[in-house]
Amino acid sequence: MQKSTFYNVVRFVLLVIGVFFLFYLIILPLIDAISPHEYGVARVSLGIFVLAFLFLVSVAMAVESTKAFYSIGAEKSRQVKIFLIKIKKLKDKSLGVDAPGALISMILSYIFFNYIFSVFYIFLSHVDNHSFSTGGPLSIIDGIFFSVVTATTIGYGDVYPETGIAKLSVLFQILISMFYAVVLFSASSSYLRDYVSTVKKQAAKEVAEELEQKTEQSAQG
């Protein structure tokens with residue numbers, strides 16, 4: 089009973105820490121981006137540092153996910169090693185247990201990237217009102233909308249960059265989005281194809297075993 093209570097307390101503490109960490113990692117940069125002139129240089133610098141840290145986390149998630157699917161690099165990640173071991177042990181299965189996790193990690197990193205750019209666009213529009221065609225600061229909705237539109241390369245034309253740094257930022261996001269479009273589509277297709285193949289093989293194996301059992305029972309009868 090005491091052990092169960094201890095674990096519950098630990099889980100609660102970890103949950104609280106996770107909520108505060110999530111707040112500082114995601115919400116704090118957005119708050120600083122909305123009102124950079126109301127805070128000091130130290131506070132804005134902290135927001136930029138946290139946003140840069142989130143960017144590095146997103147890069148790490150993207151790299152590890154890509155390694156898990158395509159074994160990029162000379163040194164394979166732990167997920168890839170487990171994946172290869174599973175293939176050797178279970179030849180009738182073509183999908184490693186870490187594939188869904190790698191796909192989810194890749195999707196999350198893509199969402200983080202778009203969020204990072206939306207916060208950066210909002211920050212630019214507050215620092216320089218002429219950064220975008222709106223001629224003023226972007227709202228949270230406008231920043232997220234412009235980031236998603238840029239990532240999907242739709243480009244409605246209602247908001248567009250005007251300064252050099254804004255244009256370079258948009259180009260950088262487009263390049264990253266093109267990479268994700270290729271990798272995510274390929275990874276998703278590969279995962280679904282292998283999953284369907286695994287299910288079919290498992291079903292065929294179960295049917296064969298059932299027929300074999302019925303044949304043995306008929307022979308004994």
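The opening residue of the sequence shown carries number 89 in my numbering; numbering runs sequentially from there.
C-beta atoms are modelled at their ideal positions from N, C-alpha and C, and glycine is treated no differently.
Cutoff 8 angstroms; reference residue i; Cβ partners in own chain excluding five residues on either side
i    : result
F208 : A121, L139, S257
K179 : Any answer about K179 is weak, because its pLDDT of 40 lies below 50 and its placement is not dependable; what the coordinates show is given next. Excluding positions up to five away in sequence, the list is empty.
V129 : none
L263 : none
V93  : The residue asked about is misnamed: residue 93 is Thr in this sequence, not Val. Result list for T93: empty, nothing under 8 angstroms.
Residues that DSSP places opposite residue i in a beta bridge
i    : result
F220 : P249
Burial state of residue i (16 or more Cβ within 10 Å)
i    : result
S52  : Because the chain here runs from 89 to 309, residue 52 falls outside it and cannot be looked at.
I204 : buried
V190 : The sequence given here has Ala at residue 190, not Val. Per the 10 Å Cβ criterion, buried.
I232 : buried
Q301 : exposed
Y244 : exposed
G135 : buried
Q261 : buried
Integer Cβ distance of residue i from residue j, believed to fall under 8 angstroms
i    : j    : result
A254 : L212 : 6 angstroms
L142 : L113 : 6 angstroms
Same chain, Cβ closer than 7 angstroms to residue i, neighbours up to 5 away in sequence not counted
i    : result
P73  : Here the chain covers residues 89 to 309 and nothing more, so residue 73 does not appear.
A150 : M194, S197
V247 : F220, S221, T222, D230, F234
T251 : D216, H218, S219
Residue i vs residue j beta-carbon contact at 8 angstroms
i    : j    : result
T154 : V237 : no
S206 : S227 : no
S265 : A239 : yes
Residues near residue i in its chain [Cβ-Cβ closer than 6 angstroms; skip 5 each side]
i    : result
S146 : S197, F200, F201
L118 : V207
T241 : none
P225 : S213, H214
Y268 : Y198
A292 : none
heavy atom of the ligand ATP below 7 angstroms from residue i C-beta
i    : result
E152 : Among the ligands in the structure shown, none appear at all, so the ligand ATP cannot be discussed.
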